[in-house]
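Working notes, structure below.
Below you can see the structure in the form of structure tokens.
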């Protein structure tokens with residue numbers, strides 16, 4: 002009860018703060034993330050939880066990628082002066098780093114799943130994310146993609162051989 006009251010008070014303080022964005026970040030760090038960690042520990046069926054979180058992240062990354070592509074190709078007047086997509090973040094390189102993280106999560110799913118349909122869906126999402134990385138214009142993101150693919154090839158070469166078609170499509 003005391004923890005719930007503290008969490009409610011901390012949540013209320015975000016809305017009453019003079020700097021709501023900073024307060025929201027600290028609210029997430031000190032309450033939402035620890036509570037999520039405890040919820041994961043106490044969940045009896047972790048497989049279903051991981052599947053649900055994976056689907057939610059896939060939808061999130063697909064939505065962000067489509068938004069970046071739409072902003073770049075359909076609404077270019079919304080781009081800042083240097084014509085690189087950065088929304089919803091303040092820096093295009095930060096957005097590209099987020100996309101790179103999503104790309105490697107998607108690559109891992111693509112290589113790990115046994116079902117061909119799921120592997121193809123992950124491949125489509127990976128291609129969509131790479132297209133979104135292009136809209137950010139981040140050279141560092143492509144350097145990290147290259148370095149990460151080398152690491153993946155070194156440690157997951159067995160999976161690369163099984164999924165030659167998918168990996169080849171990503172390489173192109």
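In our numbering, the protein residues as written are 2 to 173. Where is the CB? At the ideal position from N, CA and C, for every residue including glycine. All values reported here derive from a predicted model rather than from experimental measurement.
Do residue i and residue j have their CB atoms nearer than 9 Å?
| i | j | result |
| --- | --- | --- |
| residue 112 | residue 67 | no |
| residue 108 | residue 59 | no |
| residue 123 | residue 110 | yes |
| residue 12 | residue 28 | yes |
| residue 65 | residue 103 | yes |
Among residues of its own chain, excluding the 5 on either side of residue i, which ones have a beta-carbon nearer than 8 Å to its beta-carbon?
| i | result |
| --- | --- |
| residue 137 | 69, 85, 86, 87, 93, 94, 96, 97, 100 |
| residue 142 | 94, 97, 98, 100, 101, 134 |
| residue 8 | 32, 36 |
| residue 5 | none |
| residue 105 | 149, 153 |
| residue 161 | 112, 153, 154, 168 |
Short of 6 Å in beta carbon distance, which residues of its chain neighbour residue i, apart from the five on each side in sequence? Order them along the chain.
| i | result |
| --- | --- |
| residue 18 | 24 |
| residue 34 | none |
What is the C-beta distance between residue i and residue j, in whole angstroms, given that I count them as a contact (C-beta under 8 Å)?
| i | j | result |
| --- | --- | --- |
| residue 80 | residue 72 | 7 Å |
Taking 7 Å as the limit between beta carbons, can you name the residues of its chain near residue i, skipping five residues before and five after?
| i | result |
| --- | --- |
| residue 167 | 111, 120, 124 |
| residue 156 | none |
| residue 14 | 24 |
Just to confirm, does residue i get its C-beta within under 8 Å of one of the non-hydrogen atoms of the ligand PLP?
| i | result |
| --- | --- |
| residue 85 | As presented, the structure is devoid of all ligands, the ligand PLP included, so that no description of it is given. |
*Ignoring anything shorter than 4 residues or poking outside the stretch 68-144, list the alpha helix (DSSP H) runs there in chain order.*
93-113, 117-137
*Enumerated in chain order, which unbroken segments of the alpha helix (DSSP H) with a length of 4 residues or greater are wholly contained in the stretch 9-61?*
21-28, 34-43
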